[in-house]
Structure formats: C-alpha cells, structure tokens
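Asker:
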Amino acid sequence: MDWKEFFKPTKIKILTSIIILILFVPFINYDNGIRCIKAPCPADTTGSITSWLISSYNHNIYQIQYINLLLGIIISYLVSCLIIYLVKKKDI
C-alpha cells in the first residue's frame with residue numbers, strides 16, 4: 003500500500019473517522035450544572051459530543067471550538083486511515 007492509497011477516502015475510513023470524532027474529540031463547551039456565588043466559576047466543561055449527551059446538565063452549548071473541531075477531524079481521519087491499514091495488513 004503506497005501513501006496515495008493510505009490517504010484515499012473510502013466509505014469505511016470516513017465512517018470510522020466520524021465515529022472517532024463523535025466519541026473522543028473535545029470541541030464543545032457545555033453547561034455542567036455548577037452554580038457559584040463568586041467568580042471565577044467553572045460552569046462549563048469542554049467535551050466531545052458523546053460526553054455532552056451523557057453528562058450535560060441541561061444540554062446548553064456555550065461555544066463550539068472550531069480549531070479543536072478542525073484538528074479533531076484531521077487527526078481522526080489519520081487515525082482511521084492507520085486503523086484500516088493495520089486491519090488490511092493483518093488480513094494479508
């Protein structure tokens with residue numbers, strides 16, 4: 003497998019990349035339910051889509067960190083390419 007085939011998008015690579023992005027990439031600032039009287043108050047948490055759905059207080063999203071999202075998309079695609087490469091290499 004050369005580098006062109008390694009980086010060439012396929013359905014399985016894109017699907018694996020989306021799953022990794024949803025499970026592991028922290029790019030959402032959301033409400034965690036902590037209420038304070040004085041500042042600074044840690045009322046938000048940065049997490050992935052999965053952590054936001056599981057543990058958010060009332061599903062308020064404060065901010066989406068686009069640089070984390072962009073880097074997460076790139077890194078998750080590279081990881082999915084590596085996973086698919088290793089699986090194909092093991093099958094041969």
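Sequential numbering of the sequence shown, starting at 3, is according to the working numbering.
The beta-carbon is built from N, C-alpha and C at its ideal position, and this holds for glycine as well.
From which residue to which residue does the alpha helix (DSSP H) around Gly-35 run?
Answerer: Gly-35 -> no alpha helix (DSSP H), and no H or E assigned at all.
Asker: In terms of DSSP beta bridges, what is Gln-65 paired with?
Answerer: By DSSP's assignment, Gln-65 forms a beta bridge with Asn-31.
Asker: For Asn-60, count the other beta carbons within 10 Å of its own beta carbon; 16 or more makes it buried, fewer makes it exposed. Which is it?
Answerer: Exposed, since its Cβ has fewer than 16 Cβ neighbours within 10 Å.
Asker: Looking only at C-alpha atoms, which of Lys-92, Thr-18, Lys-13 sits nearest to Ile-75?
Answerer: Shortest Cα-Cα distance from Ile-75 to any of Lys-92, Thr-18, Lys-13 involves Thr-18.
Asker: Might you give, ordered along the chain, the residues of its own chain that have their beta carbon closer than 6 Å to the beta carbon of Ile-51, omitting 5 neighbours on each side?
Answerer: Counting only Cβ-Cβ distances below 6 Å, and skipping sequence neighbours, we find Ile-24.
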